[in-house]
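First comes the structure, then the notes that go with it.
Chains as they are written, first to last, in my numbering: chain A, 1 to 294; chain B, 1001 to 1412; chain C, 2001 to 2288.
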């Protein structure tokens, strides 16, 4: 019995570092951020209260609005495409093919490189006078006009291509792991029933991989909200403000523009949005877990 | 284990440093000059500082914002460098307000800055009657550089004013060259806009908009003309300009693919590196409708409050060295700028720099640069609007005027 | 030899076709980087991105590694390499240790405040961490951690915490409770169960954690810049200096060589341990 209490105590102590970080760093920073967003701080924080004026100025700011819209469009497409492509690649790699190890590494390696590193290569590939466009011209397709990188209405899709390249491999790894965990009996059963493989995948396997899809979605979603490097390295937000994203808005105002008040207002808005989405999900998950434990 | 060893070695170094006399003149300097020409210029400072008995510890971080982020965070975090670079202007305002910078009044008085530095540049380092930074050089931001070869082939001549500019651009265009080489990134879009603003709107317009946030000017006919002229320039850049680096644009002029390039005088570094000489392979001019109109900025070094007397000594030595006449001239040669001191022998500088010296000596020909007039928050907010206007053809001039006016009014 | 080998049918052709095309798409940027790094500047200027180098040279690599200039020091990015290693090893160890212990406590012991802590960590996982930069500078200056190796290690531990806790918590949550109960009946306490039972079982997920942290920490730029101090600037800071020099002619071949050199460590980790990565995830990280 004493042992139990000792262990309880140990468990509680073991949590201290994480608790400290969570309360002091995360919560402390958040409180500070929210407070500064209601001041007129510029380069250095000050405590001159201005109410919600920074928020008024934020939501009257065209660039912020464009950033948010970009993120929404990008986010939805990015998550859908990476999940679909990652799943497809995982299924194909799982067909007992030759060179599986090699292919897996090829699909996964982009995730190991930061965009600060690969952005330049992507810019070249998509440059209207170099890269893919030039190759098309050189092999005779003079009519090919591949200028998405410099078109305001298309530039976001070029970022999407690079982002999908970066993250699909990770989704594939998660899906592959899920597929390997599936009971092989299922395949026997469906084969006996004469169900074609593709139907089995869609109607049997996908529902079984619910957990993998959830993990992948969360990971992809976190990288969407944090999207920053890609925009900086590939387009620096341009042409114009066509490929700006919220995290870049925060960073630019925090440092280069010496406008901490506005930056923290933007950060707070992002945080509120995230909490509004994450909290109910967590609550539901917790309830489900509690029910399962009962 | 590792970290403790490291800490110990640090402590040892500190102890040694405090004891040894040599350390008294050690200066760690944060700057963002990392390219070939810039490094050569910094080397002038380092060498001269060494000659004066100091040790230069170089912390170069590419990209102005990156370098300033590191420098400011270190200053706030209580571990400041000995000196840090800023652009001449308002970037260090709040460091002064929060009492984080040391003044350089002693050096300023000894070298008689008042008598030898153009007032606009000197004012930009003064706060409440004290000098808080060393204005090491002067950059002109609104130069037109053109390829003499391309101009000859196209039958174009050096433009004399803004109306003439379009005549010449048309000639270059007709001859099949890219008329205007442009690196289409936000800050260069703003710089080009500022070039038009200075040239067409004049000094009153320029300072009216950026400095006084003058609503009447922004809503008036002159500003409209500025905006329309700016947009007209878009007809002369090539479709691959978005996202291009400015030095790649300069290269287009150097290689004879484009006729003209609008840029600050640091672009000369590119021409020089390619073996070209001002007045021969390329020409330079500044355009305004009323004469003058030279947009003047530059670089400064500021000194965080020293932690002890040794650091203070090193800072004083560094400031004195940077402003010494021979350092000034050698630095300017490498950097493409002109010396901030007007009492030095500038005969060794190229002909563009000679033109610049003339502008700088004539107060009526000068306009203080964007960074001198507006805080970064405002500059940035308006830059976004300029960028949107340049890139989005569907944005009307009316909408542009309205947005600029609102940004001027609402930026805190 | 195996049975499926016979079925070189149209379907299998299609599978291979798709996989090979995808592989080419994935390899394209790396290919461009490698061939560019092997060209001389005159050839790079011609702008044939995809052509193989006519006269391959490793001059750019040598320059990037040992003589490319950043400011006044012309030692290439090699200095940063060792700094990065110096930062990497303790940071990876510390962040995984804290994450593993926290995940273990959260999933198997559920002490007081567990739900709250987990909620905070989940929310933070979605926040762009640049937001925390400024307050953290202030806090660090308060405790005297700025510009030091311990400082940057603590920073990486702080920002690795959400992901690390998440994956370890999920992993340990999948361990049969009976195992725990048996161990406790035997009289084992919190730390003994962790050390003798859980940790050995957690090897697959530790591999995943190592891979993620090595990648994240090695590629970090902004924390290294702000918190490490100039003596400890990681390789990415040097890379940024080489690649993003705002003025002067850009030596793309050197840029690309420097880029590949910087990416080499995480790349190697991925290519060597890709197999274990999938296995590790399969072992438990998937439980959402």
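Idealized CB from N, CA, C, for every residue including glycine.
Suppose the cutoff is 7 Å on Cβ atoms and the five residues either side in sequence are ignored; what does the same chain contact list for residue i look like?
{"i": "residue 2084(C)", "result": "2218, 2234, 2235"}
{"i": "residue 2108(C)", "result": "2172, 2180"}
{"i": "residue 201(A)", "result": "91"}
{"i": "residue 1242(B)", "result": "1184"}
{"i": "residue 2053(C)", "result": "2035, 2038, 2039, 2043"}
{"i": "residue 1330(B)", "result": "1044"}
{"i": "residue 157(A)", "result": "148"}
{"i": "residue 962(B)", "result": "Outside the modelled stretch of chain B, which goes from 1001 to 1412, sits residue 962(B), for which no answer is possible."}
{"i": "residue 2208(C)", "result": "2167, 2277, 2280, 2281, 2285"}
{"i": "residue 1263(B)", "result": "1143, 1145, 1246, 1250"}
{"i": "residue 279(A)", "result": "none"}
{"i": "residue 2199(C)", "result": "none"}
Tell me which same chain residues have a C-beta within less than 6 Å of the C-beta of residue i, skipping the five on either side of it?
{"i": "residue 954(B)", "result": "With chain B represented from 1001 up to 1412, any question about residue 954(B) goes unanswered, as that position is not in the structure."}
{"i": "residue 1008(B)", "result": "Confidence at residue 1008(B) is low in this model, with a pLDDT of 41, below 50, so its placement is unreliable and no value can be given for it."}
{"i": "residue 1074(B)", "result": "1080"}
{"i": "residue 1238(B)", "result": "1178"}
Assuming residue i and residue j are in contact, meaning their beta carbons sit under 8 Å apart, how far apart are those beta carbons, in whole angstroms?
{"i": "residue 2132(C)", "j": "residue 29(A)", "result": "5 Å"}
{"i": "residue 1392(B)", "j": "residue 69(A)", "result": "In fact, because the Cβ distance is near 14 Å, the residues do not count as touching under 8 Å."}
{"i": "residue 2106(C)", "j": "residue 2118(C)", "result": "6 Å"}
{"i": "residue 177(A)", "j": "residue 212(A)", "result": "7 Å"}
{"i": "residue 2102(C)", "j": "residue 2165(C)", "result": "5 Å"}
{"i": "residue 2254(C)", "j": "residue 2237(C)", "result": "Actually they are not in contact, since the Cβ atoms of residue 2254(C) and residue 2237(C) sit about 17 Å apart, beyond 8 Å."}
{"i": "residue 1433(B)", "j": "residue 1082(B)", "result": "Beyond the ends of chain B as shown, which are 1001 and 1412, falls residue 1433(B); an answer cannot be given."}
{"i": "residue 1171(B)", "j": "residue 1397(B)", "result": "The pair is not a contact, with the Cβ atoms about 27 Å apart (cut-off 8 Å)."}
{"i": "residue 1229(B)", "j": "residue 1162(B)", "result": "7 Å"}
CB-CB under 8 Å to residue i, same chain, minus the five flanking residues each way: which ones, in chain order?
{"i": "residue 2246(C)", "result": "Low local confidence applies: a pLDDT of 48 at residue 2246(C) is under 50, so the model's placement there is unreliable, and no value is given."}
Under 8 Å (Cβ pairs) to chain C, residues found in the segment 106-117 of chain A: 106, 107, 108, 109, 110, 111, 112, 113, 114, 116, 117
Taking a cut of 8 Å between CB atoms, which residues from the segment 1268-1279 of chain B lie near chain A? Within the segment 1268-1279 of chain B, no residue has a Cβ that lies closer than 8 Å to any Cβ of chain A.
Give the residues from the segment 1365-1395 of chain B that approach chain A closer than 7 Å (Cβ to any Cβ), ordered along the chain. Interface annotation for the segment 1365-1395 of chain B against chain A: 1375, 1376, 1377, 1380, 1384, 1387, 1388, 1390, 1391, 1392, criterion Cβ-Cβ distance under 7 Å.
Within 8 Å of chain B by C-beta, residues of the segment 146-158 of chain A in sequence order: 147, 149, 150, 152
Quick one, which residues of the segment 254-271 of chain A are near chain B if we go by CB-CB under 8 Å, in chain order? Across the segment 254-271 of chain A, CB contacts with chain B closer than 8 Å involve 255, 256, 257, 258, 259, 261, 262, in sequence order along the chain.
Between the segment 1128-1136 of chain B and the segment 1296-1312 of chain B, do at least 3 Cβ pairs fall closer than 8 Å? In this structure the segment 1128-1136 of chain B lies against the segment 1296-1312 of chain B, because at least three pairs of beta carbons, one per stretch, are closer than 8 Å.
Please list the residues of the segment 1074-1092 of chain B that have a C-beta atom closer than 9 Å to any C-beta atom in chain C, keeping them in chain order. Flagged, chain order: 1074, 1076, 1077, 1078, 1079, 1081.
What residue ranges within the segment 187-242 of chain A form continuous alpha helix (DSSP H) runs of no fewer than 4 residues, ordered along the chain? Here the runs fully enclosed are 210-225, 229-234.
Sufficient close CB pairs (3 or more, under 8 Å) joining the segment 2156-2167 of chain C to the segment 2085-2098 of chain C: yes
Residues in the segment 1059-1070 of chain B having any Cβ partner in chain C nearer than 8 Å: 1059, 1060, 1061, 1062, 1063, 1064, 1066, 1069, 1070
Can you find at least 3 beta carbon pairs, one from the segment 1287-1297 of chain B and one from the segment 1306-1321 of chain B, that sit closer than 8 Å? no
Jot down the residue ranges of each uninterrupted alpha helix (DSSP H) in the segment 88-170 of chain A, minimum 4 residues, whole runs only, in chain order. 100-108, 115-126, 131-138
Just checking, does the segment 215-231 of chain A make contact with the segment 104-116 of chain A on the three C-beta pairs under 8 Å criterion? yes
Could you list the residues in the segment 45-74 of chain A with a C-beta less than 9 Å from some C-beta on chain B, going in chain order? 46, 50, 53, 54, 56, 57, 60, 61, 62, 63, 66
Determine which residues of the segment 17-41 of chain A have a Cβ less than 8 Å from any Cβ of chain B, and write them out in chain order. Under the 8 Å Cβ criterion, the segment 17-41 of chain A contributes 40.
Pair every Cβ in the segment 191-208 of chain A with every Cβ in the segment 69-86 of chain A, then say whether three or more of these pairs are closer than 8 Å. no
Inter-stretch contact (C-beta, 8 Å, three-pair minimum) for the segment 2193-2211 of chain C and the segment 2269-2281 of chain C: yes
Along the chain, which unbroken stretches of the alpha helix (DSSP H) at least 4 residues long are found entirely within the segment 2100-2180 of chain C? 2114-2124, 2133-2143, 2149-2173
With three or more C-beta pairs closer than 8 Å as the rule, is the segment 1081-1097 of chain B touching the segment 30-47 of chain A? yes
Check whether the segment 2058-2078 of chain C and the segment 1030-1040 of chain B are in contact - that is, three or more C-beta pairs closer than 8 Å. With the cut-off at 8 Å, the segment 2058-2078 of chain C and the segment 1030-1040 of chain B touch.
Counting Cβ pairs closer than 8 Å, one from the segment 1049-1058 of chain B and one from the segment 1331-1342 of chain B, do we hit at least three? no
Mind listing, in chain order, the continuous alpha helix (DSSP H) runs of no fewer than 4 residues lying wholly within the segment 1178-1236 of chain B? 1186-1210, 1215-1219, 1221-1233
Whether or not the segment 1372-1389 of chain B and the segment 1203-1217 of chain B are in contact is what I'm after, with contact meaning three or more pairs of Cβ atoms, one per stretch, closer than 8 Å; do they touch? yes
Kindly confirm or deny that the segment 1111-1120 of chain B and the segment 1342-1356 of chain B touch, where touching means at least three C-beta pairs closer than 8 Å. yes
If contact means a Cβ-Cβ distance below 7 Å, which residues of the segment 2140-2152 of chain C contact chain B? 2140, 2141, 2146, 2147, 2149, 2150
Closer than 7 Å, Cβ to any Cβ of chain A: which residues of the segment 2080-2114 of chain C, in chain order? 2098, 2101, 2102, 2105, 2109, 2111, 2112, 2113
Every unbroken beta strand (DSSP E) inside the segment 1270-1303 of chain B [3 residues or more]: 1282-1285, 1294-1297, 1299-1302
Three or more C-beta pairs closer than 8 Å, one from the segment 241-257 of chain A and one from the segment 126-139 of chain A: is that the case here? no
Looking at C-beta atoms only, is the number of pairs between the segment 2147-2157 of chain C and the segment 2187-2194 of chain C that lie closer than 8 Å three or more? Output reads no: the segment 2187-2194 of chain C does not touch the segment 2147-2157 of chain C.
Any alpha helix (DSSP H) of 4 or more consecutive residues that is wholly inside the segment 19-90 of chain A: 28-36, 53-59
Would you list, in chain order, the members of the segment 189-201 of chain A that have their beta-carbon closer than 7 Å to a beta-carbon of chain B? Within the segment 189-201 of chain A, no residue has a Cβ that lies closer than 7 Å to any Cβ of chain B.
Between the segment 125-136 of chain A and chain B, which residues of the former have CB atoms less than 8 Å from a CB of the latter, in chain order? 127, 128, 129
Would you check if the segment 155-171 of chain A and the segment 232-241 of chain A touch, i.e. whether three or more CB-CB distances between them fall below 8 Å? yes
Mind checking the segment 1026-1042 of chain B against chain C and listing, in chain order, the residues whose C-beta falls within less than 8 Å of any C-beta there? Within the segment 1026-1042 of chain B, the residues whose Cβ lies closer than 8 Å to some Cβ of chain C are 1028, 1031, 1032, 1033, 1034, 1035, 1036, 1037, 1038, 1039, 1042, listed in chain order.
Scan the segment 1310-1329 of chain B for residues whose Cβ lies nearer than 8 Å to a Cβ of chain A and list them as they occur along the chain. none
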